[in-house]
Amino acid sequence: MLIATGLGIIGLILIYFEFFVPGGILGVIGGLFLAAGLFLSIWEQTSLIYALFYVIGVIIFFVLTIRLALWKIKRTRNKSHFYLGDDQEGYVASSYEKELVEKTGEALTALRPSGHIKIEGKPYQAVSESGYIKKGSKIKIIGGEGARFIVKEEDL
């Protein structure tokens, strides 16, 4: 009975800590410890009443452990333990190089309406402002959106 109780206590502690450590591993291991403790309590007991009390006790302490962890989370004044405290702005995956706006270059591929351009010897993704631009045409960058440039065919 002592081993089963020890496994149950360890399982409940691991389940409690799962609320504060991300990943799910502690919860799974804690659940396995609880299951092993329940199995041992039933296996070791000659009296079914002792095993039944153990099972009921584990269920009660399991519910109390979860309620304690949730209460602790709600009561925490400093939210930086669980959430970032600083305000965050939206994540921008990539952006175009603003200093290249108004520069001229060449269409590496046909832009119908998107393709690749070359500016100052470097390739970039681009989309034409309006319509089709042939490969090899001279282009001018007029803006950008995300990681690609918006271009128009340069008047000769």
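For what it's worth, full-length UniProt numbering labels the leading residue of the sequence shown as 1, then goes sequentially. We put the beta carbon where it would ideally sit given N, CA and C, even for glycine.
Under 7 Å between the Cβ atoms of residue i and residue j?
| i | j | result |
| --- | --- | --- |
| Lys135 | Glu154 | no |
| Ile142 | Val127 | no |
| Ala107 | Ile119 | no |
| Leu26 | Leu14 | yes |
| Thr104 | Lys152 | no |
| Val58 | Gly8 | yes |
| Thr76 | Tyr16 | no |
Please identify the residue among the options whose C-alpha is closest to the C-alpha of residue i.
| i | options | result |
| --- | --- | --- |
| Phe39 | Gly146, Val28 and Thr5 | Thr5 |
| Leu34 | Val151, Ile56, Tyr132 and Phe20 | Ile56 |
| Gly31 | Glu18, Ile42 and Pro22 | Glu18 |
| Ser94 | Ile29, His116 and Arg148 | Arg148 |
| Gly37 | Phe62, Gly23, Lys140 and Lys98 | Phe62 |
| Leu12 | Ile42, Ala69, Phe53 and Leu52 | Ala69 |
| Ser130 | Tyr124, Ser114 and Gly121 | Ser114 |
| Lys74 | Phe20, Ile10 and Gly146 | Phe20 |
When every heavy atom of the ligand MG is checked, does at least one fall within less than 6 Å of the C-beta of residue i?
| i | result |
| --- | --- |
| Phe20 | As far as ligands go, the structure on display features none, and thus does not contain the ligand MG. |
The alpha helix (DSSP H) that contains residue i, what's its start and end?
| i | result |
| --- | --- |
| Gly27 | Ile25 to Glu44 |
| Thr5 | Leu2 to Glu18 |
| Tyr54 | Leu48 to Arg75 |
With a CB to CB cut of under 8 Å and the five nearest residues on each side skipped, what residues in its chain are close to residue i?
| i | result |
| --- | --- |
| Ala110 | Tyr132, Ile133, Lys134 and Lys135 |
| Lys98 | Gly144 |
Once the 5 residues before and after residue i are set aside, which same chain residues still bring their CB inside 6 Å of it?
| i | result |
| --- | --- |
| Tyr54 | Ser41 |
| Ile10 | Phe33 |
Hey, which unbroken runs of the beta strand (DSSP E) at 3 residues or more fall wholly within the UniProt domain "NfeD-like C-terminal" (98–152)? Within the UniProt domain "NfeD-like C-terminal" (98–152), complete beta strand (DSSP E) segments of at least 3 residues are found at 104–107, 114–119, 122–128 and 138–145, given in chain order.
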